[in-house]
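Colleague: For reference, the structure I am asking about is given below.
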Amino acid sequence: PGDRRPVRYPEPALAARAARVLRDNDTGAVITAAPRLYPHMWSWDAAFISIGLARLDVQRAISELQTLFRAQWRNGMVPHIVFTENDAYFPGPDRWGTEVAHDGPQHVRTSGICQPPVHAIAVQRVLEIGRRSSPADRADAERFVRDIWPSLYAWHRWLVEYRTPGSSGLIAIVHGWESGMDNSPRWDLPYAAVQPGTGLPPYVRKDVRIVGDPSERPSDREYDRYLWLIEEMRRAGYDQRKIVRNSSFLVGDVFITALFAVACDVLVELGKEFGQEPEEIADLQEWADNARAAVAGSCHSVSGLARDRDLRANRWLDTQTVAGFSALLCGGAPDEVQLKLLSLLDSDRWCGHPDLLAPVPPSVSPMRPGFNPRQYWRGPQWPVVVWLFSWAFERRGWHERARKLRDGGVKLTEDGSFGEYYEPFTGEPLGSTDQSWTAAVVLDWLC
Ligand code: 2M8
């Protein structure tokens, strides 16, 4: 089917619009994740945003990552939200109440959980772009990498130290928000076991007022669970050991584990080049190997798809989503598994589905029961996910595949609205428009 949307911008005009979105979402201190729906800095959004920004202004890209890492907790965790003064988002800093945390930062308010560790990937990209840009940008980018490397190492070490419980080797999350794929069906079973207690303080959602159609967002039932988990953590004083021991939700996240493996590889490369401590480089190498083995070990014997593991119920989660292709991001799975995954990805169950507007993976296969083309992480296509696969495929030397995903990503977004996510058959932008990370990955694709 052809593009059913009225407007299609040619690439130079699309890039100019993307640049404008990033400029408009700049408060002067941070680039918010989206103008109305997300008026704060989000951790993995900031990483993607810095990649797009580097195409416009290397210095500004560097300062975005520096702002995020200034909010890093003393134990190494990079928080999932760094709050601005804006109070249009719920749950805000008061609800999180991370002041009770022993390890929190003093001068800035943050949430108390983390998000996928894509920051090393962004830092390397900013360096590559800075080096090609000008001698001054090259010098700034190199100094920046040298300075931020120890903080990245501390962040990765936190994930290993606190978040690899159990024998699967997968990195565990204690809240679906940590996965970045908030209401993905990946989490339906573990969330079913989360029983919001009577002590859940009342709250009013703000997101559904901003997104016109509430069915594009998670349900109230889901929000009760999201808020209950925060309540548990707050009561535990954000003590990681206590949380991992007791929280109602603990799941080994295979997608995060794959990103961690490849982000460790990147840090090893940067560490060698910039003369960092050999023991720390050796740690990262070992963590990368372990994470890669954990992803390979999760792959289903028949489908080949990588699986999350419910660490409370001690079972694999067989829900098939885009995260099932995690082994393609980081490698390490046997050749026959990889071939199976690649042919599945190309098949009509995924990118080859005849009715897709753009041949890029939706968050859930359109052939699966429960696929919902309009609902958030339950079916729509997400440009940042496309960027990650395209980037990883390029790195793995699969240039043709990387190019196809990049072209598909541009096709998906060429309506110029920079949707948060897209209806896969019509290309309708959903959730927020002018979403910063969408604009950022489009800029990276086009420049
Ligand atoms: C979405 O998550 C936030 C909570 O963190 C929300 O729905 O309120 C997710 O898509 C997440 O991956 C993303 O980082 C965030 C901001 O774009 O929005």
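With positions in the sequence shown counted from 1, the corresponding number in the numbering used here is that position plus 232. Glycine residues also receive a C-beta, built at the ideal position from the N, C-alpha and C atoms.
What residue range is occupied by the uninterrupted alpha helix (DSSP H) comprising G529?
Modeller: Against the sequence shown, residue 529 aligns to sequence position 297. Per DSSP, G529 belongs to the alpha helix (DSSP H) from P510 to S530.
Colleague: Going by C-alpha to C-alpha distance, which of G329, R341 and Y270 sits closest to R302?
Modeller: As a working note, residue 302 is residue 70 in the sequence shown. Of G329, R341 and Y270, the residue nearest in Cα terms is R341.
Colleague: What number of angstroms, rounded off, separates the C-alpha of V494 from the C-alpha of R627?
Modeller: Translated into positions along the sequence shown, residue 494 becomes position 262. Translated into positions along the sequence shown, residue 627 becomes position 395. When rounded, the distance between both Cα atoms is 10 Å.
Colleague: Buried or exposed: where does P367 fall if 16 or more other Cβ atoms within 10 Å of its Cβ makes it buried?
Modeller: As a working mapping, residue 367 is identified with position 135 in the sequence shown. When all chains shown are included, P367 counts as exposed.
Colleague: Since I believe E448 is in contact with Q291 (beta carbons under 8 Å), could you give me their beta-carbon distance rounded to a whole number of angstroms?
Modeller: One-based indexing of the sequence shown puts residue 291 at position 59. One-based indexing of the sequence shown puts residue 448 at position 216. So it is not a contact: roughly 36 Å between Cβ atoms.
Colleague: Return yes when the Cβ of V673 is within less than 7 Å of the Cβ of P615, no when it is not.
Modeller: Start at 1 with the first residue of the sequence shown, and residue 615 comes out as number 383. Start at 1 with the first residue of the sequence shown, and residue 673 comes out as number 441. Taking 7 Å as the Cβ cut-off, P615 and V673 qualify as a contacting pair.
Colleague: Give a single yes or no on whether Y270 has its beta carbon closer than 6 Å to a heavy atom of ligand 1.
Modeller: Residue numbering aside, residue 270 sits at position 38 when the sequence shown is read from its first letter. The answer is yes for Y270.
Colleague: Sorry if obvious, but does the Cβ on G412 come closer than 6 Å to a heavy atom of ligand 1?
Modeller: In the sequence shown, counting from the first residue as 1, residue 412 sits at position 180. Yes; taking the cut-off as 6 Å, the Cβ of G412 has a heavy atom of ligand 1 nearer than that.
Colleague: Are E660 and R240 close, meaning C-beta to C-beta below 7 Å?
Modeller: In the sequence shown, counting from the first residue as 1, residue 660 sits at position 428. In the sequence shown, counting from the first residue as 1, residue 240 sits at position 8. R240 sits away from E660, with the two beta carbons spaced by 7 Å or more.
Colleague: Could you check which residue in Q613, P566 and D567 has the C-alpha nearest to that of H585?
Modeller: Here residue 585 corresponds to residue number 353 of the sequence shown, with the count starting at 1. Closest option to H585, Cα to Cα, is Q613.
Colleague: Based on DSSP bridge pairs, tell me the residues matched to I263.
Modeller: Within the sequence shown, the letter at position 31 stands for residue 263. I263 is bridged to D258.
Colleague: Count Cβ pairs between the stretch 536–555 and the stretch 502–521 that sit closer than 8 Å; are there 3 or more?
Modeller: no
Colleague: Could you tell me whether the stretch 389–404 touches the stretch 474–492, where touching means 3 or more Cβ pairs closer than 8 Å?
Modeller: In short, these stretches touch, since the Cβ pair count reaches three.
Colleague: Please specify which runs of the alpha helix (DSSP H), each continuous and at least 4 residues long, are wholly inside the stretch 315–397, giving them in chain order.
Modeller: Taken in chain order, the complete alpha helix (DSSP H) segments of 4 or more residues contained in the stretch 315–397 are 325–328, 351–365 and 367–395.
Colleague: Is the Cβ-Cβ distance between D335 and R306 less than 7 Å?
Modeller: Sequence index remark: in the sequence shown, residue 335 carries index 103 (1-based). Sequence index remark: in the sequence shown, residue 306 carries index 74 (1-based). Cβ atoms of D335 and R306: closer than 7 Å.
Colleague: Grab me the residues of G602's own chain with a C-beta within less than 8 Å of its C-beta, minus the 5 sequence neighbours each way, in chain order.
Modeller: Along the sequence shown, one-based indexing puts residue 602 at 370. Taken in chain order, the residues that qualify are P417, V596 and R610.
Colleague: Identify whether Q667 lies in helix, strand or coil by the three-state DSSP scheme.
Modeller: For this step, residue 667 is matched to residue 435 along the sequence shown. Assignment of Q667 by DSSP, reduced to helix, strand and coil, places it in the coil class.
Colleague: Would you call D379 buried or exposed, if buried means 16 or more other Cβ atoms sit within 10 Å of its Cβ?
Modeller: The count along the sequence shown starts at 1 and reaches residue 379 at position 147. By the Cβ-count criterion, D379 is exposed, with fewer than 16 other Cβ atoms from all chains shown falling within 10 Å of its own Cβ.
Colleague: What separation, rounded to the nearest whole angstrom, lies between the Cα atoms of G564 and G484?
Modeller: Here the question's residue 564 lines up with position 332 in the sequence shown. Here the question's residue 484 lines up with position 252 in the sequence shown. C-alpha separation (whole angstroms): 18 Å.
Colleague: Tell me whether the stretch 345–352 and the stretch 307–326 touch, counting them as touching only if at least three CB pairs, one residue from each stretch, are closer than 8 Å.
Modeller: yes
Colleague: Using the Cα positions of P267 and E511, report the straight-line distance between them to the nearest angstrom.
Modeller: Looking up residue 267 in the sequence shown gives position 35. Looking up residue 511 in the sequence shown gives position 279. Each residue's alpha carbon lies about 43 Å from the other.
Colleague: Which word fits K572, buried or exposed, when buried means at least 16 other C-beta atoms lie within 10 angstroms of its C-beta?
Modeller: Numbered from its first residue, the sequence shown carries residue 572 at position 340. K572 is buried by the Cβ-count criterion.
Colleague: Is it buried or exposed for H272, if we count other Cβ within 10 angstroms and need 16 for buried?
Modeller: The count along the sequence shown starts at 1 and reaches residue 272 at position 40. With 16 or more other Cβ atoms within 10 Å, it is buried.
Colleague: Give me, in chain order, the residues of the same chain whose beta-carbon lies closer than 7 Å to that of W582; leave out the 5 immediate sequence neighbours on both sides.
Modeller: For the purposes of this step, residue 582 is taken as the residue at position 350 of the sequence shown. Within the same chain, L576, P593 and S597 come within 7 Å of W582 by CB-CB distance, once the 5 residues on both sides are set aside.
Colleague: Express the C-alpha separation of F280 and A250 in angstroms, rounding to a whole number.
Modeller: For the purposes of this step, residue 250 is taken as residue 18 along the sequence shown, with counting starting at 1. For the purposes of this step, residue 280 is taken as residue 48 along the sequence shown, with counting starting at 1. Using only the alpha carbons, I get a separation of about 13 Å.
Colleague: Kindly list the residues whose CB is nearer than 7 Å to the CB of P428, restricted to its own chain and excluding five residues on each side of it in sequence; keep chain order.
Modeller: Reading the sequence shown from its first residue, position 196 is the one you call residue 428. Excluding sequence neighbours, P428 sits near D456, R457 and W460.
Colleague: For V596, name the three-state secondary structure that DSSP assigns.
Modeller: On the sequence shown, position 364 is the one that residue 596 refers to. The answer is strand: DSSP assigns V596 an E or B state.
Colleague: Suppose the cutoff is 7 Å on Cβ atoms and the five residues either side in sequence are ignored; what does the same chain contact list for R357 look like?
Modeller: In the sequence shown, residue 357 corresponds to position 125, counting from 1. Counting only Cβ-Cβ distances below 7 Å, and skipping sequence neighbours, we find I283 and A286.
Colleague: For G431, which option in V355, V527, E652 and R466 has the closest C-alpha, if you only look at C-alpha atoms?
Modeller: As a working note, residue 431 is residue 199 in the sequence shown. Residue R466 holds the alpha-carbon nearest to the alpha-carbon of G431 among V355, V527, E652 and R466.
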